[in-house]
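Written out below as structure tokens is the structure these notes cover.
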Amino acid sequence: MKNSIALNEMIFYAYHGVRECEKEQGQRFILNFKAEVDFEAAAVNDDLNKTVSYSEVYKVIRKIVEGNKYDLLESLAYKIICDLFTEFSLLDEIEIEVKKPMVPIPGILSSASVKMSRRRTEVEQNA
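Given below as structure tokens:
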């Protein structure tokens, strides 16, 4: 990525998972967002209107994570990517990582996660 913006370790309480107890009780999810964006004009002119607002990106992600229930983290990540491309025309490539710290696996691990990245053209082809 030539120029990128990122939001790191966002924490949300949500109700995603295959098991009914996950959908009823909920748990914490930790998300990382990174996007390629041409913000040269914003940097030169110190102009927020020529780049993408971190706070607006955060609002879109929060709305999706907290407002819906998904069985799969993969589906959640894909929905976030699609909606961000729809909302922000300056984004060229997006990477989303979704971590689930309290994964119901009998074993010792800190989290399960998915990481997905897509270019705008890839998402537009699948629409």
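Position 7 of the sequence shown, counted from 1, bears residue number 7 in full-length UniProt numbering, the numbering being contiguous throughout. Ideal Cβ placement from N, Cα and C applies to all residues, glycine included.
Next item on the list: Decide if the stretch 92-111 is in contact with the stretch 27-38; the criterion is three or more beta carbon pairs, one per stretch, under 8 angstroms apart.
Entry: Verdict: yes, contact present.
Checklist line | Cα-Cα separation between GLU66 and ASP83, rounded to whole angstroms | finding: Reading the sequence shown from its first residue, position 66 is the one you call residue 66. Reading the sequence shown from its first residue, position 83 is the one you call residue 83. When rounded, the distance between both Cα atoms is 14 angstroms.
Checklist line | Helix, strand or coil at ILE108 according to DSSP, with G and I counted as helix | finding: On the sequence shown, residue 108 is found 108 positions in, with the first residue counted as 1. Of the three classes helix, strand and coil, the one that applies to ILE108 here is coil, per DSSP.
Checklist line | Minimum C-alpha distance to SER111 - residue among SER117, VAL98, THR121 and ARG119 | finding: In the sequence shown, residue 111 corresponds to position 111, counting from 1. Ranked by how close their Cα comes to the Cα of SER111, the residues SER117, VAL98, THR121 and ARG119 have VAL98 in first place.
Margin query: Measuring straight from C-alpha to C-alpha, what distance separates TYR58 and LEU7?
Written below: Counted from its first residue, the sequence shown places residue 58 at position 58. Counted from its first residue, the sequence shown places residue 7 at position 7. In this structure, the alpha-carbon of TYR58 lies about 8 angstroms from that of LEU7.
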